[in-house]
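Peer 1:
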Amino acid sequence: MKDISLILLAAGDSSRFELPVKKQWLRVGELPLWQYVAQSIARAHPFKKIIIAVNEEDVNYCERLYACSLASARGESAERGTSEYKFQSKQGGIECGADDLNDASKPRSAENFKAQVECDADECGSANLKFHFAPGGANRQSSLKNALQLVESELVLVSDVARAQISPRTIDALIAASADADCISPYLGVNDTTYLGEDVVKREELRLIQTPQLSRTALLKKALEGSEIFTDDSAAVGSAGGRLEFIKGEAGALKITRASDLAALNLKPCSRDIFCGTGYDVHALEKGAGIVLGGVQIPCEFALIAHSDGDVAIHALIDAICGAAMLGDIGELFPDSDANLKGADSKELLRKVMRRVRGYGYELVNADITIIAQRPKIGAYKAQMQEVLSEILNCARVNVKATTTEGLGFTGRSEGIAAQAAVNLKFYDWQKHAAKAQDV
333 MKDISLILLA AGDSSRFELP VKKQWLRVGE LPLWQYVAQS IARAHPFKKI
383 IIAVNEEDVN YCERLYACSL ASARGESAER GTSEYKFQSK QGGIECGADD
433 LNDASKPRSA ENFKAQVECD ADECGSANLK FHFAPGGANR QSSLKNALQL
483 VESELVLVSD VARAQISPRT IDALIAASAD ADCISPYLGV NDTTYLGEDV
533 VKREELRLIQ TPQLSRTALL KKALEGSEIF TDDSAAVGSA GGRLEFIKGE
583 AGALKITRAS DLAALNLKPC SRDIFCGTGY DVHALEKGAG IVLGGVQIPC
633 EFALIAHSDG DVAIHALIDA ICGAAMLGDI GELFPDSDAN LKGADSKELL
683 RKVMRRVRGY GYELVNADIT IIAQRPKIGA YKAQMQEVLS EILNCARVNV
733 KATTTEGLGF TGRSEGIAAQ AAVNLKFYDW QKHAAKAQDV
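When we follow our numbering, the leftmost residue of the sequence shown carries the number 333, and every step to the right adds one.
(1) Taking DSSP as the reference, what is the three-state secondary structure of Y519?
(2) Less than 9 Å between the beta carbons of I336 and H377, yes or no?
(3) Hey, would you say W366 sits closer than 9 Å to C602, going by beta carbons?
(4) Per DSSP, what are the beta-bridge partners of D492 in this structure?
(5) Under the three-state reduction of DSSP, which class applies to H765: helix, strand or coil?
(6) What residue range does the alpha helix (DSSP H) around Y368 cover?
(7) So, with DSSP's three-state summary, where would you put Q481?
(8) Can you list, in chain order, the residues of its chain with a C-beta nearer than 7 Å to that of S566? Leave out the 5 residues immediately preceding and following it.
(9) Using 10 angstroms around the beta-carbon of P289, count the other beta-carbons present and answer buried if the total reaches 16, otherwise exposed.
(10) Between which two residues does the beta strand (DSSP E) carrying D531 extend?
(11) What residues are listed by DSSP as bridge partners for E618?
(12) Please confirm whether V697 has its beta-carbon closer than 9 Å to some beta-carbon of chain B.
(13) Enumerate in chain order the residues of its own chain whose CB-to-CB distance from R690 is below 7 Å, with the five nearest sequence positions on each side excluded.
(14) Between the Cα of S475 and the Cα atoms of C727, A568, L673, L341, which residue gives the shortest distance?
(15) In this structure, how does DSSP classify S474 when only helix, strand and coil are distinguished?
(16) Under the rule that 16 or more other beta-carbon atoms within 10 Å means buried, what is E395, buried or exposed?
(17) Touching or not, the region 501-511 and the region 589-602, by the rule of three or more beta carbon pairs under 8 Å?
(18) According to the Cβ coordinates, are A656 and V755 closer than 9 Å?
(19) Pull up the distance between the alpha-carbon of P708 and that of L725, whole angstroms please.
(20) Check whether the Cβ atoms of A773 and E747 sit closer than 9 Å, and answer yes or no.
(21) State the DSSP-derived secondary structure class of Q718, mapped to helix, strand or coil.
(22) Keeping to the same chain, check which residues put their C-beta closer than 8 Å to that of T736; ignore five residues upstream and five downstream.
(23) With a threshold of 8 Å, are at least 3 pairs of Cβ atoms found where one atom belongs to the region 604-611 and the other to the region 522-542?
(24) Quick one: grab the DSSP three-state call for D504.
(25) If C727 and A699 are in contact, beta carbons under 8 Å, what's the gap, nearest whole angstrom?
(26) Tell me which same chain residues have a C-beta within less than 8 Å of the C-beta of S559, skipping the five on either side of it?
(27) For K334, does the three-state DSSP call read helix, strand or coil?
(28) Between G675 and I710, what straight-line distance do the alpha-carbon atoms span, to the nearest angstrom?
(29) Let me make sure I understand the geometry here. Which of L480, V391, L520, V624 has the alpha-carbon closest to that of A310?
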């Protein structure tokens, strides 16, 4: 059995994808695309390690979601009285469990990053198989270099998350051709007449190179030591004098680059699950010249005591969104120890959270906010708050309510203002978008 590790590159910013969701976060059922692709490839070979390079700020989040999905799969298998969970883990080259999954403050770097998602080998099927997340870099090559630090096997199979439909036949063919080459790549021929400038190129001599590509680990690492940037592994290994081999690829292994490419995917639609989150915040009042609530300036004799602008309504809303998306809480994302956040506009914090949540493949279904204050009276500002928040959230179903505590408690004594929020999220329906693209 060949000693091979798998690297899946999923750290791109999807700049050409033209949609708010990053393509690696499209959902196949409940699974983000990076998890679906990794598990699909892993069924073709018992890889020594599976390493997924993701955006550095996403490492902790990926660990949380992945550990949750494994726990869910294990629970479902136990309920059915089957060994499906163990089978998936063994075939997927994956160990489950987590170490410090909820510690968002734990530092990450390419130099000291260690895999954290691993557990008891008997439970997961193999003591030699592990699942790792590596922090991505500024480009594909730097992400690959980071991931390669975790590879010790003789061979490494590298693929891009954007190729979501890779056949086991391709992987088998790559492995079969590995004896006499240092890098093996699948390719497609060119069927159309092709020009280079004003000259016709012999199409028989052209190859469209695909991934995954199988390389000798030591040579690939050596080839990437310099400053030259390569577009794929074959170019890197070839520049280092390595022997290149090419096998016939498959047209179905489409690379998702633009949103229009989604129409060609033959994948399970995203789950219709709804994710609920709640949030709560409170800030003390002092004498002042006005407060900000729900993104709206309210003139009054009070000011809110806070590190930022003290907008309790938006802070509660951010916490609710974080809860629904499993992003932790506002304190993890925007700690009050950060001097750069002194006096921060909470609307901008909400925009940052929504960009991140949309990037992770979620859409907001609705939001409901309750502001609890004896004074100042805020009923006249509710409609304006709803308008401001709807624009930021890109959602019309935003409701703002206001109430008092009838003079009871700290809010009743006008010592502070509190807010509660509840939201529902759903997965971005990429197949709906693909269908619209076909109709155009």
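Even for Gly, the Cβ is constructed at its ideal location relative to N, Cα and C.
Peer 2: So, from the listed chains and residues:
(1) strand
(2) yes
(3) Against a cut-off of 9 Å, the Cβ pair of C602 and W366 comes out as no contact.
(4) L341
(5) helix
(6) 365-374
(7) coil
(8) Around S566: C515, S517, I541, Q545, L576.
(9) Given that the chain is displayed from residue 333 to residue 772, the structure contains no residue 289 and the question cannot be resolved.
(10) Counting along the chain, D531 sits inside the beta strand (DSSP E) bounded by residues 531-533.
(11) A635
(12) Considering every chain present, this structure includes no chain B. It has just one protein chain.
(13) P352, V353.
(14) L341
(15) helix
(16) buried
(17) No: fewer than three Cβ pairs fall under 8 Å.
(18) Contact: yes.
(19) 26 Å
(20) Lying before the first or after the last residue shown, residue 773 is absent from the chain, which here runs from 333 to 772.
(21) Helix, per DSSP.
(22) I704, A705, Q706, T743, G744
(23) no
(24) Reduced to three states, the DSSP call for D504 is helix.
(25) Indeed, because the Cβ distance is near 7 Å, the residues count as touching under 8 Å.
(26) none
(27) In this structure, DSSP gives K334 a state outside helix and strand, which the three-state scheme calls coil.
(28) 22 Å
(29) Nothing in the structure corresponds to residue 310, since the chain is present only between 333 and 772.
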